[in-house]
Every structure is written in structure tokens, then in C-alpha cells.
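Just so you know, we're using UniProt numbering here: the sequence shown kicks off at 241 and counts up by one. Written below as C-alpha cells is the structure these notes are about.
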Amino acid sequence: APVEKGNYRHYMQKEIFEQPIVVAQTLQTYVRPFEGEVALPVVDADLQAVNRLTIVACGTSFYAGLVAKYWVEQFARVPVDIDVASEFRYREPVLEPGGLALFISQSGETADTLAALRHARSQQQRIAVVVNVPTSSMAREADLLFPTHAGPEIGVASTKAFTCQLAVLAALAANLARAKGRLTREEEQEIVGHLQEAPAALNAALNHDEDIAAMAHLIAPARDVLYLGRGPDFPMAMEGALKLKEISYIHAEGYAAGEMKHGPIALIDDNVPVIVIAPSGPLFEKTVSNMQEVRARGGKIVLISDAKGIEEAGEGCMATIEMPAVHPLIAPLVYAVPVQLLAYHVAVLKGTDVDQPRNLAKSVTVE
Ligand code: G6P
241 APVEKGNYRH
251 YMQKEIFEQP
261 IVVAQTLQTY
271 VRPFEGEVAL
281 PVVDADLQAV
291 NRLTIVACGT
301 SFYAGLVAKY
311 WVEQFARVPV
321 DIDVASEFRY
331 REPVLEPGGL
341 ALFISQSGET
351 ADTLAALRHA
361 RSQQQRIAVV
371 VNVPTSSMAR
381 EADLLFPTHA
391 GPEIGVASTK
401 AFTCQLAVLA
411 ALAANLARAK
421 GRLTREEEQE
431 IVGHLQEAPA
441 ALNAALNHDE
451 DIAAMAHLIA
461 PARDVLYLGR
471 GPDFPMAMEG
481 ALKLKEISYI
491 HAEGYAAGEM
501 KHGPIALIDD
511 NVPVIVIAPS
521 GPLFEKTVSN
531 MQEVRARGGK
541 IVLISDAKGI
551 EEAGEGCMAT
561 IEMPAVHPLI
571 APLVYAVPVQ
581 LLAYHVAVLK
591 GTDVDQPRNL
601 AKSVTVE
């Protein structure tokens with residue numbers, strides 16, 4: 241049966257609001273809450289031998305991979321190489337036989353990613369796939385299949401598939417860490433506990449839909465928008481910028497907050513809104529000082545943070561968006577919501593075709 245929009249105006253909006261449910265659905269198959277264990281369909285012995293992980297994907301799936309790089313390196317201390325699929329094959333990557341290569345894709349059909357997968361296979365890599373369409377080419381060609389359970393995603397701009405990818409990748413990072421002897425039982429239980437908090441935190445984030453809709457008019461007139469983040473929130477800044485570009489056609493860039501002084505700061509004036517993604521935590525103060533650099537140049541800031549962060553640094557911002565206080569592990573999942581909603585409401589104000597943006601395809605099956 242065709243997927244209906246129900247009470248929603250667009251598929252994208254419906255899919256944003258489905259995230260608490262589909263993330264919970266996805267997590268169910270990767271964690272055992274009572275034992276406090278991650279439980280991927282792979283034996284630890286298989287992961288023990290992994291000394292390097294190669295991640296390849298395109299678009300939003302690539303940004304999920306970038307977040308995973310932070311997690312895998314932090315928890316499992318396994319070095320991660322990551323490429324966009326269109327670059328991977330042609331740069332002749334150095335791949336040790338027996339290495340593990342991970343491909344991330346909503347559709348499982350993206351031509352560049354599929355070609356990269358086949359290249360990795362030809363280089364004797366073990367092929368792991370995080371994919372949302374279980375009958376897809378990538379699912380069929382995988383040695384290790386990690387499905388996301390987001391359900392059909394219709395909106396061209398990926399939303400719920402992305403947060404489900406993050407859920408699977410967090411579990412994978414934890415599983416790899418355990419296999420490598422890097423996680424105590426207690427630490428694993430803690431990680432599982434934090435993952436289990438994600439659906440409720442996503443719900444809390446969605447409760448800010450109206451505030452975000454009300455401030456979208458501050459962004460809609462802009463020609464350029466800058467997104468800043470640090471650590472795993474740096475890829476979230478890029479994802480936020482991608483969402484805005486895709487559906488509102490406003491030029492946007494995601495930058496590492498600390499790198500802004502090496503270029504984008506030259507663009508700052510009161511016509512370039514700067515969206516700062518900064519949950520309070522170990523990196524918060526650094527990001528705030530980058531934010532002050534923007535403010536000192538007359539830049540207009542939208543701070544997305546939790547109550548503590550907003551209390552500390554919200555003064556003088558053009559707007560703030562308050563997220564629930566969450567553990568840094570699940571922050572990327574939760575902070576996906578406000579950047580998706582912001583792009584969505586800006587696009588609605590601009591009257592663009594949200595579900596079918598010009599020149600874009602849901603699944604790009606040409607190179
Ligand atoms: C297209 C879509 C994006 C998606 C990308 C990768 O560009 O418009 O939303 O992120 O392809 O697709 P995949 O199915 O491989 O995740």
C-alpha cells in the first residue's frame with residue numbers, strides 16, 4: 241500500500257515526527273535493555289580482529305559515517321578512514337586484505353556507494369552495510385548486514401533514515417569496543433542506558449517544533465547561512481547546512497567551529513545568520529568562544545543548546561532553541577531534529593517543493 245501523509249503537510253514533516261518511534265524500533269534489534277548489552281548480528285570474535293575501519297557513503301549517510309568515526313575512535317580506539325563514495329574508488333585507497341569496510345545507505349542503491357562496495361570486495365575487504373531497504377543491492381551483497389528500521393522514506397531529503405543510521409552506528413561502535421576489550425560491563429550498560437533515552441529525548445526535541453517554526457522567518461531571507469559545531473556536532477553542522485541547501489535553496493556551509501577563523505569568518509556580517517550547534521559538555525566553552533568571535537563582528541547567532549548552555553551563552557543571540565539535556569553520545573541524534581525542522585520551516589516559508597526539491601533525486605543511481 242502506498243505510504244500516506246496522514247495529518248502532515250509533507251512526507252518530510254511526517255518522517256521527522258516519526259523519529260522517536262523508528263529509532264526505538266531500530267534500537268530494539270541492537271540492544272538488550274535488561275542485560276544492558278549491545279547485540280549486533282555479529283560475533284565479538286569477528287570484530288576482535290578489526291584493526292582499521294573504512295567507512296564509505298554519500299550525502300546524509302556520509303555525515304552519519306562522520307559521526308561514527310568519532311564514536312568508533314573514541315570507544316573502540318580503532319582508526320577510521322572515511323570517504324565520500326565518489327572519491328573512494330578513484331584515489332586507490334590502501335586496503336589491507338581482511339579489513340572491514342562499512343557502507344552506509346538509506347536506499348542501498350546509490351551508484352557511487354555500490355561501486356565503492358564492489359571495489360572494496362575486489363580488495364578482499366569484509367563488507368558491512370548499514371541500509372534501510374532490506375531488499376536492496378547493498379543488502380544482498382553484504383557479509384554483515386545492519387538494517388535500519390526507519391520504514392519507507394519518501395521525502396528526498398533524508399531525515400528518519402539518518403537518525404536510525406546513527407542509532408545503529410552507536411551500537412556498532414559499542415560492540416566493536418567490547419570486542420576489543422575496551423568496555424567494562426558497567427560502561428556497556430551505561431551506553432545502552434543512554435541509547436535507550438534517545439526516543440524520549442527525540443520527542444522532547446520535537447516539542448520545540450512551534451518555536452522553530454516561529455523563528456524560521458529570521459533565516460528565510462538570508463542568502464548564506466553558516467552552521468558551526470565541534471566534535472560529533474561538526475558533522476551535524478554539515479548535515480544542517482545540507483538540509484537547508486537541499487530544500488530551501490539557501491546557500492549554507494557547515495564548519496568546524498574552531499576552523500571558522502581560517503576563512504568563513506571573513507563572511508560574517510549581519511546578513512549571514514550563524515547557527516551554532518553546541519550541547520553543553522566538554523567542548524562547550526571552546527565553541528562559545530568561537531561564537532563570541534562571530535558576535536564581535538556583528539554576526540547574528542542562533543544557538544541550539546540545552547538549558548544550561550543557553551543560560552550560559554544565550555544572551556545576545558538572535559534566537560535560541562532549547563534541547564533536552566542529553567548525554568554527549570546521543571546528542572547527534574537529538575540535535576538532528578532542530579536542524580531538520582529549521583530547514584523544513586524555512587522551505588515552507590519560501591514555498592519550495594519540500595518533498596521533491598529541484599534537481600535532486602531520492603536515490604542517485606548514476607555515477
Ligand atoms: C541523495 C538523496 C540524499 C541521500 C543521498 C545518499 O542525494 O537526496 O538524501 O542522503 O542520496 O543516499 P543513500 O540512499 O545512499 O543514503
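Ideal Cβ placement from N, Cα and C applies to all residues, glycine included. None of these values were measured; they are calculated from a predicted model.
By the CB criterion at 9 Å, Leu435 and Leu267 fall inside the cutoff. For Gly556, DSSP assigns no beta-bridge partner whatsoever.
In this structure, Val296 lies away from Ala351, with their beta-carbon atoms at least 9 Å apart. Under the Cβ criterion (8 Å, minimum of three pairs), the stretch 522-537 counts as touching the stretch 464-484. Val278 sits buried, since 16 or more C-beta atoms from the chains shown fall within 10 Å of its C-beta. A check of alpha carbon separations from Ala518 across Pro568, Ala264 and Pro273 identifies Pro568 as the nearest. Counting C-beta pairs closer than 8 Å gives three or more between the stretch 481-490 and the stretch 572-589, which meets the contact rule. A residue is called buried once 16 or more other Cβ atoms fall within 10 Å of its Cβ, and Gln532, having fewer, is exposed.
Cys298 is the residue among Val408, Glu437, Cys298 and Ile367 whose C-alpha sits nearest the C-alpha of Thr605.
Using a cutoff of 8 Å, the CB of Val296 does not count as near the ligand G6P, since none of the ligand's heavy atoms is closer than that. Fewer than three pairs of CB atoms, one per stretch, sit closer than 8 Å, so the stretch 421-430 makes no contact with the stretch 367-381. Asp451 and Arg463 have their alpha carbons spaced roughly 22 Å apart. Secondary structure at Phe274: coil, using DSSP grouped into helix, strand and coil. For the options Tyr489, Val320, Asp546 and Ile322, the alpha carbon positioned closest to that of Pro461 is the one of Tyr489. Not one heavy atom of the ligand G6P is found less than 8 Å from the C-beta of Gln363.
At a threshold of 8 Å, Gln596 does not count as near the ligand G6P, since its beta carbon sits no closer than that to any of the ligand's heavy atoms.
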